[in-house]
Amino acid sequence: MAVLIAIPARYASTRYPGKPLAELRGATGEARSLIRRSWEAAMAVEGVDRVVVATDDGRIADAARGFGAEVVMTPETCRNGTERCAVVAEGLGPEWDIVVNLQGDAPLTPPWFVAALVEAMQADPLAQVATPVLRTDAAALASFLEDRRNGRVGATTAVFDRAMRALYFSKEVLPYTGRTLGPDEEIPVFHHVGVYAYRRAALAAYGGWPVGRLETWEGLEQLRFMENGVPVTCVEVEARGRPFWELNNPTDVPKIEGILQGLGLP
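The opening position of the sequence shown corresponds to residue 96 in the numbering used here, with each subsequent residue numbered one higher.
In structure tokens form, the structure reads like this:
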């Protein structure tokens, strides 16, 4: 199956305008833009045939071409990354069986997360949409709860059934535990990793549906699939000791820089 990774990037983010061009310093002290680091993460995934940056902004396009990325310009009317990926898939032709949406705010996404998604789609021809979930550890859960206490929109959590079909995604910390978990207890909260793999048919249908009520309230694009009866397959992945965090707010910059430096990434 031909696999395409599209990296949606827009300048006019409500919470963090200009976020794709925010600079992050790694272990060498070199500043690289968020969009460049996300592109480098995509390029590290094995078994992918093509990687493109999908944007409607000339500043992002110029920056991406400057570090060697292929750019596909998309309309300003795209309301989220999935709609942007749908435009890319339509424009680049029918040969792309699986389109991966690697969101441009997740430069720490390990390549095996994306590979696991592609493998899940290849193994199950009925799966239309797949996304990774990562069981939180105590430190990650504490960060999620701290964000919510301080009114920050932070990580997304996922709950799913026994067949790994998503039941819900939320910016709240779900499920609610109601108590402090002991050091030997397994934490039931799963971090939703903002990567998606789609079949072409699912992408084509998505843009024709109205924006959903839950999608609007949560600000989570994947809920539109669920609100229209398309199941989302959750694929559990393992961190393998590698910290994972997304750049949601300006306060996340030093956290991500610290992780880059700790991993020895340039």
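For each residue, glycine too, the CB sits at the ideal point set by N, CA and C. Everything numeric in this text was worked out from a predicted model, so none of it was measured.
Three or more C-beta pairs under 8 Å: does that hold for the segment 291 to 310 against the segment 159 to 168?
no
Confirm, please, whether the CB-CB distance from A292 to A225 is below 8 Å.
yes
Less than 8 Å between the C-beta atoms of D151 and C173, yes or no?
yes
Going by C-alpha to C-alpha distance, which of F255, A139, A156 and G124 sits closest to I130?
A156
Considering only the alpha carbon of each residue, which of L221, E125 and V98 lies closest to L360?
E125
Along the chain, where does the beta strand (DSSP E) containing I364 start, and where does it finish?
Examination of residue 364 is not possible in this model, given that the chain is present from 96 through 361 alone.
Give the C-beta separation of V327 and L212 to the nearest angstrom, bearing in mind that I take them to be a contact with Cβ-Cβ under 8 Å.
Wrong, their Cβ atoms sit about 12 Å apart, outside the cutoff.
Relative to the C-alpha of K266, which candidate in A297, L116, N343 and E171 has its C-alpha closest?
N343
Sort V98, F320 and R335 by Cα distance to I193 and report the nearest one.
With distances taken between Cα atoms, I193 lies closest to V98.
Tell me whether M321 sits in a helix, a strand or coil according to DSSP, three-state version.
helix
Beta-bridge partners of M168, as assigned by DSSP:
T150
Based on Cα-Cα distance, which residue from F320, D232 and L309 lies nearest to E280?
Per the Cα distances, D232.
Assign G289 to one of two classes, buried (16 or more other C-beta atoms within 10 Å of its C-beta) or exposed (fewer than that).
buried
If we ignore side chains and look at the alpha-carbon of each, how far apart do R127 and A139 end up?
16 Å
I'd like the ranges of any alpha helix (DSSP H) spanning at least 4 consecutive residues and lying wholly in the segment 227 to 306.
With a minimum length of 4 residues, the continuous alpha helix (DSSP H) runs that stay inside the segment 227 to 306 are 233 to 244 and 295 to 301.
Looking at the secondary structure, which residues open and close the alpha helix (DSSP H) in which V213 lies?
P206 to A218
Residue(s) in a DSSP beta bridge with R127
In DSSP, R127 forms a bridge with L119.
Buried/exposed call for T123, threshold 16 Cβ in 10 Å
exposed
For K350 and E190, I'd like the C-alpha separation in whole angstroms.
39 Å
To the nearest whole angstrom, what separates the beta carbons of G121 and L355, a pair I think is in contact under 8 Å?
4 Å
Cβ neighbours of D200 in the same chain (closer than 6 Å, five flanking residues each side left out):
Correct list, in chain order: E341 and L342.
Among V248, L262 and E141, whose alpha-carbon lies nearest the alpha-carbon of V254?
It is L262 whose Cα lies nearest to the Cα of V254.
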